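Shown next, in structure tokens, is the structure this report addresses.
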Amino acid sequence: MIAAAAAAARASVTAAAKRATPARLAAFAAAPAVAATRAFGTVQTKTSLVFTEPTKTSGTVYGGVHTVTLIPGDGVGQEIAACVKNIFKAINAPVAWEQFDLSGYTESDATLLKQAMDSIRKNKVALKGVLYTPVARLGHTSWNVFLRKDLDVYASTTLIQNLPGNWPTRHSNVNFAIIRENTEGEYSGKEHSPVPGVVESLKVVTKAKTERIARYAFDFALKNNRKKVTIIHKANIMKLGDGLFLNTCREVAKNYESFGIKVEDMIVDNASMQLVSKPHQFDVVVCGNLYGNILSNVGSALVGGPGIIPGANIGRDYAVFEPGCRHVGKDIEGHNTANPTALILSSIHLLRHIGLDEQANRISAALHKVISEGRVLTPDVGGSASTTDFTKAVIANL
């Protein structure tokens, strides 16, 4: 849904958001309710990944076929991307893939990275796995972060919820969204060593980008009938940087008071504890880059692990769908045991994004049936089936 990202992030977030006075919002609140159609899989709109309706398709459509950029990623990326491609083929989805087999393990793929970026700019929508980022100082910077910054897909949206599976979880009926700012914060990449043995790493927080992500979060809550937004920060220590983030989010919140959306703020260390002990208190979480990364992984552990968490990166002009917890899975690469659910769910959101709701519904229904029956599950959620068997089971239920 590039119109949900382009017209949402562009029209809604940029233009409308700047014009969103209390009077305008009150008038909108008094307007007749319109039935929402952007549902997450077969569940209600409360779990919708995107926050507005599409008004146009992907950037490249010929004969009704949408061209979508595909970057499988490293580790188990090729295996789970193959699952999505096989499922799309089984339902004859009108999607043509432009695939780029990038790898973060080598810098020689820099030219291929540029080609992939050009493809996304042309197609305006992509499905992406996770690219490896070297830890060594001499290694290249994260291509995942570079892609999000260069395309300005600023809103990382991750859904944490219990699926209808029979694997054990500490809590049931968990359902919240984590929205993190993708383009600045601790991941600004601005580090230097003024003298040997000393490193300064800069955390960049700007009012403009904080306001943008805050408006996205509140629009998301409004469009998806969510009732509370929790602002995560560490303003008690980082009084300027996180103070700016907190105060800017509070300013944006004032424009949504008439809709009855409750606003809270929470220090990030307390939020981590509360997420584990009382996750039901969260509905929409908005935070900076690093905090969102950590909380997404904590949240995934509550409901079954990173293999079932979908995600998307939404910007003014582009949308990049990828697993919500960004793990390469190098340790299980080639074992045919990876859980493809996260990427399948992300691809369902991609289909809805470009207006292919019928295909999205068919895949979603089949996926949820396989999960709820519990006969064919991968090892990460207590099963013994292979990646291939899980994919075949989904296809059999289409």
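Here the working numbering is used: position 398 in the sequence shown is 400, and no number is missing along the way.
In this text, a Cβ means the ideal position worked out from N, Cα and C, and glycines have one as well.
A quick note: this is a predicted structure, and the numbers were derived from the prediction, not measured.
Minimum C-alpha distance to I181 - residue among E335, I316, Q283: I316
Check this for me: beta carbons of G199 and G131, under 8 Å apart or not? no
Taking the Cβ atom as the reference point for each residue, do G313 and G326 lie within a distance shorter than 8 Å? yes
Beta-carbon proximity list for S174, same chain, < 7 Å, skipping 5 on both sides: N164
Scan the stretch 138 to 189 and note each continuous beta strand (DSSP E) run of 3 residues or more that stays entirely inside, going in chain order. 157 to 163, 177 to 183
Less than 7 Å between C-beta atoms, sequence neighbours within five positions excluded: which residues of the same chain meet that for P166? H370, I373, S374
Counting along the chain, where does the beta strand (DSSP E) carrying E335 start and finish? Unbroken run through E335: none, as it is neither H nor E.
Residues near L224 in its chain [Cβ-Cβ closer than 8 Å; skip 5 each side]: F53, Y258, F261, I263
DSSP three-state assignment for S386, whether helix, strand or coil: coil
I believe D267 touches H235 by the beta-carbon criterion, under 8 Å. Please report the beta-carbon distance rounded to the nearest angstrom. 6 Å
Decide yes or no for the touch test of the stretch 182 to 192 against the stretch 318 to 325: beta carbon pairs closer than 8 Å, at least 3 of them. no
Rounded to a whole number of angstroms, what is the C-alpha to C-alpha distance between L400 and K209? 47 Å
Give me, in chain order, the residues of the same chain whose beta-carbon lies closer than 6 Å to that of L1; leave out the 5 immediate sequence neighbours on both sides. Residue 1 lies beyond the residue range present for the chain, which begins at 3 and ends at 400; the question has no answer from this structure.
Assign I73 to one of three DSSP states: helix, strand, or coil. strand
Could you tell me whether the stretch 82 to 101 touches the stretch 384 to 396, where touching means 3 or more Cβ pairs closer than 8 Å? yes
Tell me K209's beta-bridge partners as DSSP assigns them. The partner list for K209 (beta bridge, DSSP) is empty, contrary to what the question assumes.
A395 by DSSP, collapsed to three states: which one? helix
Using only alpha-carbon positions, find the residue among R228, M240, V197, V231 that is nearest to K205. M240
Suppose you measure from the CA of G65 to the CA of N94; what does that come to, to the nearest Å? 14 Å
Mind checking A32: buried by the 16 CB within 10 Å criterion, or exposed? In this prediction, A32 has a pLDDT of 37, which is less than 50 and means its spatial position is unreliable; what the coordinates show is noted afterwards. By the 10 Å Cβ count, A32 comes out exposed.
Taking buried to mean at least 16 other C-beta atoms within 10 Å of its own C-beta, is K280 buried or exposed? exposed
Would you call the CB atoms of V70 and V97 closer than 8 Å? yes
Enumerate in chain order the residues of its own chain whose CB-to-CB distance from G416 is below 6 Å, with the five nearest sequence positions on each side excluded. With the chain covering 3 to 400 only, the question about residue 416 has no answer from this structure.
Could you tell me the boundaries of the alpha helix (DSSP H) in which A362 lies? 359 to 375
Would you call the CB atoms of V287 and T232 closer than 8 Å? yes
Does the structure place the stretch 118 to 132 close enough to the stretch 148 to 164 that three or more beta carbon pairs sit under 8 Å? yes
CB-CB under 7 Å to A395, same chain, minus the five flanking residues each way: which ones, in chain order? V372, V378
Who are the near neighbours of G331 in its chain, counting only those whose CB is closer than 7 Å to its CB and skipping five residues on each side? G77, V78, A340
Beta-carbon within less than 8 Å of L114's beta-carbon, same chain only, minus the 5 sequence neighbours each way: which residues are those? F102, D103, L104
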